[in-house]
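I have placed the structure first, in the form of structure tokens, so that the comments after it can refer back to it.
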């Protein structure tokens with residue numbers, strides 16, 4: 001890591017997450033070495049890197065107003081989404097990832113975290129603008145993780 005990044009952000013993108021094996025391997029290599037935050041495809045890649053599975057949804061999640069429950073706070077966040085694949089919730093068992101967010105429409109995994117490795121992700125789009133702003137706190141969390149990592 002010649003660049004010495006403060007953190008790694010895995011962005012959204014189209015397609016089947018299993019098609020980006022080099023990125024999955026990169027996450028396996030870097031997890032625990034620096035803070036990592038993933039959204040959408042990044043969420044799926046992180047889950048695959050830890051050994052979870054993904055599946056193609058019969059009907060993808062599209063547009064705004066998708067209710068997602070933050071399992072840590074109990075709050076419901078209104079989210080913007082655009083994806084055809086999802087993480088298999090049952091496959092998270094034994095991976096080291098904790099389910100943090102759940103879609104209230106179909107119970108799909110909307111967020112995971114491994115605190116020990118300083119890695120977390122969400123399936124939805126907290127960066128959406130215009131759109132719901134309920135989840136902008138996630139960027140603050142990532143910035144704080146990077147700041148704490150620099151001071152360690």
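Residue numbers (UniProt numbering): 1 to 152. All C-beta atoms, glycine included, are put in the ideal place defined by N, C-alpha and C. Computed from a predicted model, the values in this text were never measured in an experiment.
Own chain residues within Cβ distance below 6 Å of residue 142, not counting five before or after: For the purposes of this step, residue 142 is taken as residue 142 along the chain shown, with counting starting at 1. In the same chain as residue 142, and ignoring 5 residues on each side of it, the C-beta atoms closer than 6 Å to its own belong to 37, in chain order.
Strand pairing of residue 121, partner residues [DSSP]: Walking along the chain shown from the start, residue 121 turns up at place 121. Its beta-bridge partners are 38, 112.
Spatial neighbours of residue 114 in its chain, beta-carbon cut-off 6 Å, leaving aside the 5 residues before and after: The residue labelled residue 114 in the question sits at position 114 within the chain shown. These residues qualify, in order along the chain: 96, 97.
Residue 139 versus 60, 149, 120, residue with shortest Cα-Cα distance: In the chain shown, counting from the first residue as 1, residue 139 sits at position 139. That would be 120, whose Cα lies nearest to the Cα of residue 139.
Assumed close pair residue 83, residue 61 - CB separation to whole angstroms, cut-off 8 Å: As a working note, residue 83 is residue 83 in the chain shown. As a working note, residue 61 is residue 61 in the chain shown. Residue 83 to residue 61, Cβ: 6 Å. Contact.
Separation of residue 21 from residue 222, as counted between CA atoms: Any question about residue 222 goes unanswered here, given that the chain covers just 1 to 152.
Residue 14 burial status per 10 Å Cβ neighbour count (16 or more: buried): What you label residue 14 is simply residue 14 of the chain shown in a count that begins at 1. Taking every protein chain shown into account, the CB of residue 14 has fewer than 16 other CB atoms within 10 angstroms, so this residue is exposed.
Start and end residues, alpha helix (DSSP H) containing residue 28: Here the question's residue 28 lines up with position 28 in the chain shown. Counting along the chain, the unbroken alpha helix (DSSP H) around residue 28 starts and ends at 21-30.
Assigned exposure category for residue 63 - 16 Cβ within 10 Å defines buried: As a first step, residue 63 must be located in the chain shown, where it is residue number 63. Classification of residue 63: exposed, given that the 10 Å Cβ count is below 16.
Residue of 41, 30, 8 minimising C-alpha distance to residue 19: As a first step, residue 19 must be located in the chain shown, where it is residue number 19. Nearest C-alpha to residue 19: 41.
Whole-angstrom distance between residue 90 and residue 147, CA atom to CA atom: As a first step, residue 147 must be located in the chain shown, where it is residue number 147. As a first step, residue 90 must be located in the chain shown, where it is residue number 90. In a straight line, the C-alpha of residue 147 is about 33 Å away from that of residue 90.
Bridge partner(s) assigned by DSSP for residue 86: On the chain shown, residue 86 is found 86 positions in, with the first residue counted as 1. DSSP, once it has assigned bridges, lists 55 as partnering residue 86.
Nearest to residue 23 (by Cα), restricted to the options 34, 58, 11, 33: As a first step, residue 23 must be located in the chain shown, where it is residue number 23. Of the listed residues, the one whose Cα sits closest to residue 23 is 11.
Boundaries of the beta strand (DSSP E) in which residue 100 is found, first to last residue: One-based indexing of the chain shown puts residue 100 at position 100. If you look at residue 100, you'll find it in the beta strand (DSSP E) that goes 98-103.
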